[in-house]
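Residue numbers are given in the working numbering: position 125 of the sequence shown equals residue 710, and the series is strictly consecutive.
By construction, the Cβ of each residue, glycine as well, lies at the ideal position given by its N, Cα and C atoms.
Below you'll find the structure, written out as structure tokens, and then a few comments.
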Amino acid sequence: MYKKQLYLALVGVGICILPVIIPLVPKLGAYAELQRLKASEELERSRIEERAKTSDALYEAGVMPTSRKLRITNYFDSAKRNPRPDTTLYQDDEIIDVFDATGRCIGRIEEGIWKWKHKAKGSAIRCLVNHGIQSVHN
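Set out below in structure tokens:
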């Protein structure tokens with residue numbers, strides 16, 4: 586009997602509440618984005634913590650991560666100037682290819698000895714493919 590009046594009252598209440606609900610819609614999207622950002626930051630923090638734990642464990646065990654390639658960033662290949670990289674950073678069983686700033690192979694560190702391509706006697710120095718080079722300022 587009073588169905589029309591009831592529906593009309595509900596529509597009136599809906600219209601009165603509408604100005605409150607409309608501004609909330611963009612805020613809900615921003616809130617969802619904020620929660621996603623917090624979750625990704627938490628994941629990144631946990632990754633950093635795991636890397637730190639792994640690094641500490643390697644340090645305590647006395648194991649150093651190895652690099653197969655070395656780039657001397659402020660040296661360009663020249664037969665007149667020997668770059669003399671620090672060989673004490675590497676173990677005796679490591680073979681490290683050494684590159685200049687342009688990526689050209691200039692020598693190798695073998696058995697803790699620097700072998701410069703311009704002075705290496707009796708052996709041609711061949712470097713591997715130029716991927717994943719560790720940059721060092723000499």
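- [ ] Determine the extent of the beta strand (DSSP E) in which Glu695 is found, giving its start and end residues.
- [x] For Glu695, the enclosing beta strand (DSSP E) begins and ends at 690–695.
Task: Uninterrupted beta strand (DSSP E) stretches inside the segment 630–663 (no shorter than 3 residues) - done: 654–657
Open item on the list: Counting C-beta neighbours from all protein chains within 10 Å, is the total for Leu655 16 or more, i.e. buried, or is it exposed?
Closed with: buried
Task: Cβ neighbour criterion (16 or more within 10 Å) applied to Asp678 - done: exposed
Task: Whether Ala686 touches Thr658 by CB criterion (8 Å) - done: yes
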